[in-house]
Amino acid sequence: MSGRRLSEYVAYLEENGLLAEEPAGALPVDRTVEHLSFDSRDVTEGTLFVCKGEHFRQEFLVSAARSGAFCYLSEKEYPAAGIPCIPVKDVRKSMAMLANFHYEDPWTRIPVIGITGTKGKSSTAYFVKSVLDCYMEKTGGKETGIISSIDTYDGRERFESHLTTPEPIDLERHLSNALEEGLSFVTMEVSSQALKYDRVLGVRFAAGAFLNIDYDHISPIEHPDWEDYFTSKLALFRQCEKAVVNLDSDHIDRVLKAAEEAGSLITFSEKDENADFFGFNVRKDREDTVFCVRSGGEVREYRLGVPGLFNVSNALAAIAICSSFGVPAECIYDGLLRARVPGRMEMYPSADGKIISIVDYAHNRLSFEKLFDSVRIEYPDRRVVIVFGCPGRKALDRRHDLGQIAGMRADHVFITEEDPGEEDVNDICAQIASSVAEQGCPYTILTDRGDAIRAAVDSSDVPTVILITGKGAETREKRGTEYIPVPSDVEYVTEALREYDAR
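In our numbering, the protein residues as written are 1178 to 1680.
The following block contains the structure:
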């Protein structure tokens, strides 16, 4: 961080056309900006505070001023705060630009890998991290960084994540931490929301991967329609040195056209033999998934210790990304073999083998379809039940889509809580249930997630696969505007299986 004066921040906003008007009253322009924050709980002496978000209230700013904020950035003034305002036209863009400015563009000095797609971002990010960590072990480097919907590690901080892609001040702080701690890479998920609402504005990715696209995140407070969602995803390519593209994606012509904005293009596929990395001969070997990859005239075999045949596509993305940074094939092989993704395709069997429980984060139409397809292939003779819910105030169409798919593919559906937020969980469950019922599938609504998972286990009197989706390893449930500590799905199902085994 530079320790620049406030006058330099104001000049930077003016240069980028973001100042709304001349600040009213005198600004302490010679004062050094020691800290940049949008969270009133994260304010120290010398903070420049940013007023943003639909839940922002004046009392947050007043609290920040009491804690040491000496100036604030906002689209409107709050005289009660008693500190001067820098008026801006667009607070989100202003915050992103100042975050880059404050932390001095750390992404110019450490390779940042961005991954987007409707499905598979987390798994691909962890596959990449596992490979890069293996590479670092063999070359004397440190564990690499990760910023994902599961957790965040930047060399200094490690914690469970709230957002897939953090707000820009947090993002730039993590990248700065990674740089200062001597990390060699940071791999991150890039959501459509992050691209649309400027969370990654200004960041230049050393590589950006596009995995797939399907209908998702359509709601009044996310994307008004599918075109807005797709266009937001494609915006990643404008910020990439090299684009890594799945040729098996829907709408591939548009994806490839957008990828022309990147510096170079690398492709992967399980269908197109002309891809730079072509995956084929996929097969199961006990619990492992084995597959071959042809690239540059050479064929190599790889092995994944993570279940789910759909993960081969995610592994191909990781192979393409890591190869582009010169990672040796033996590190890629070892990294993929030992890769594990918290809360993704984690299997928990009962002692008698009758029940196989799978905890997975699947939470949209594409991931549901792939999950059911894989399970029906791998466990063709078993009954399949699923436990899931849908979040409040986002991706509203999921309630119909996931209810419909579950109703068509499962033998029984248990509908439960999944981050209802400011909506009534009973209303969400009822909407899902109506789509399940349309398919003639039996269902049970149990809003307590632990009760729903226990009921799914207790109902398994024949060989059964239980899919527990949506929350993975998360240990918080969003109720209202707060995140409440709860057991993870892993904890719920292991306890339920322990009780089952005892019986």
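In this text, a Cβ means the ideal position worked out from N, Cα and C, and glycines have one as well. Quantities reported herein were computed from a predicted structural model and do not represent experimental measurements.
Exercise. Measure the Cβ-Cβ separation of GLY1223 and GLU1211 and say whether it is below 8 Å.
Key: Their beta carbons are under 8 Å apart, which means GLY1223 touches GLU1211 by this criterion.
Practice problem: For ALA1607, count neighbouring C-beta atoms within 10 Å of its own C-beta (all shown protein chains included) and say buried if the count is 16 or more, exposed if not. | Solution: ALA1607 is exposed by the Cβ-count criterion.
Self-check item: Pair within 8 Å by beta-carbon distance, ALA1273 and ASP1347
Solution: Taking 8 Å as the Cβ cut-off, ALA1273 and ASP1347 do not qualify as a contacting pair.
Quiz prompt | First and last residue of the uninterrupted beta strand (DSSP E) at VAL1289 | solution = Looking at the DSSP string, the run of the beta strand (DSSP E) that includes VAL1289 is 1289-1293.
Quiz item: Buried or exposed: which applies to VAL1476, given that a residue is buried once 16 or more other Cβ atoms fall within 10 Å of its Cβ?
Solution: Flag for VAL1476 reads exposed.
Exercise. Check whether the Cβ atoms of LYS1270 and LEU1352 lie closer than 8 Å to each other.
Key: By the CB criterion at 8 Å, LYS1270 and LEU1352 fall outside the cutoff.
Quiz item: Near THR1301, which residues of its chain fall below 7 Å by C-beta distance, leaving aside the five closest residues on each side in sequence?
Solution: ILE1292, ALA1386, LEU1388, ASN1491, ALA1494 and ALA1495, listed in sequence order.
Quiz item: For SER1501 versus LYS1296, is the C-beta spacing smaller than 8 Å?
Solution: The answer is no: Cβ separation not under 8 Å.
Quiz item: CA-CA distance, ILE1498 and GLY1617?
Solution: Approximately 44 Å between the Cα atoms of the pair.
Self-check item: Helix, strand or coil at CYS1606 [DSSP, three-state]
Solution: The DSSP-derived three-state label of CYS1606 is helix.
Quiz item: VAL1239 and ALA1257: beta carbons closer than 8 Å?
Solution: Yes; because the gap between Cβ atoms is below 8 Å, this pair is in contact.
Quiz item: Which residues share a DSSP beta bridge with CYS1228?
Solution: None, per the DSSP bridge assignment.
Practice problem: Can you grab the Cα-Cα spacing for the pair MET1522 / ILE1287, in whole Å? | Solution: Their backbone Cα atoms lie some 31 Å apart in a straight line.
Practice problem: Classify MET1522 as helix, strand or coil using the three-state DSSP reduction. | Solution: Judged by DSSP in its simplified three-state form, MET1522 adopts coil rather than helix or strand.
Quiz item: Is the distance from the Cβ of ALA1197 to the Cβ of ILE1290 below 8 Å?
Solution: With a cutoff of 8 Å on beta-carbon distance, ALA1197 and ILE1290 are scored as not near each other.
Quiz item: What first and last residue would you give for the beta strand (DSSP E) that runs through PRO1264?
Solution: Per DSSP, PRO1264 belongs to the beta strand (DSSP E) from 1262-1264.
Quiz prompt | Contact check, GLY1512 vs SER1244, beta carbons under 8 Å | solution = Taking 8 Å as the Cβ cut-off, GLY1512 and SER1244 do not qualify as a contacting pair.
Quiz item: Run through DSSP, which three-state label would ILE1661 get?
Solution: Three-state result, ILE1661: strand.
Quiz item: If GLU1654 and VAL1663 are in contact, beta carbons under 8 Å, what's the gap, nearest whole angstrom?
Solution: Contact holds; Cβ gap of about 5 Å.
Quiz item: Is LEU1204 helix, strand or coil when you go by DSSP?
Solution: Looking at LEU1204 - three-state DSSP - the assignment turns out to be coil, as it is neither helix nor strand.
Quiz item: What is the rounded straight-line gap between the Cα of VAL1432 and the Cα of LEU1372?
Solution: One C-alpha to the other measures close to 16 Å.
Quiz item: What residue from GLU1464, PHE1362 and ALA1650 has the CA that sits closest to HIS1339's CA?
Solution: That would be ALA1650, whose Cα lies nearest to the Cα of HIS1339.
Exercise. Measure from the C-beta of LEU1623 to each C-beta in chain C and report whether the shortest distance is under 8 Å.
Key: The chain inventory of the structure shown lacks chain C, comprising one protein chain alone.
Exercise. Express the C-alpha separation of ASP1391 and ARG1575 in angstroms, rounding to a whole number.
Key: One alpha carbon belongs to ARG1575, the other to ASP1391, and they sit about 12 Å apart.
Quiz prompt | Same chain, Cβ closer than 7 Å to GLY1629, neighbours up to 5 away in sequence not counted | solution = The amino acid at residue 1629 is misidentified as Gly; the sequence shows Ala. Around ALA1629: VAL1564, PHE1591, THR1593 and LEU1623.
Quiz item: Taking Cβ positions, are LEU1225 and TYR1186 nearer each other than 8 Å?
Solution: Going by C-beta atoms, LEU1225 is nearer than 8 Å to TYR1186.
Quiz prompt | Run of the alpha helix (DSSP H) containing ILE1563, from where it starts to where it stops | solution = Looking at the DSSP string, ILE1563 is not in any alpha helix (DSSP H); the run it does join, the beta strand (DSSP E), is 1560-1565.
Exercise. Evaluate PHE1454 with the Cβ neighbour count: other Cβ atoms within 10 Å of its Cβ, from every protein chain shown; 16 or more gives buried, anything less gives exposed.
Key: Counting Cβ neighbours within 10 Å, PHE1454 comes out buried, since at least 16 surround it.
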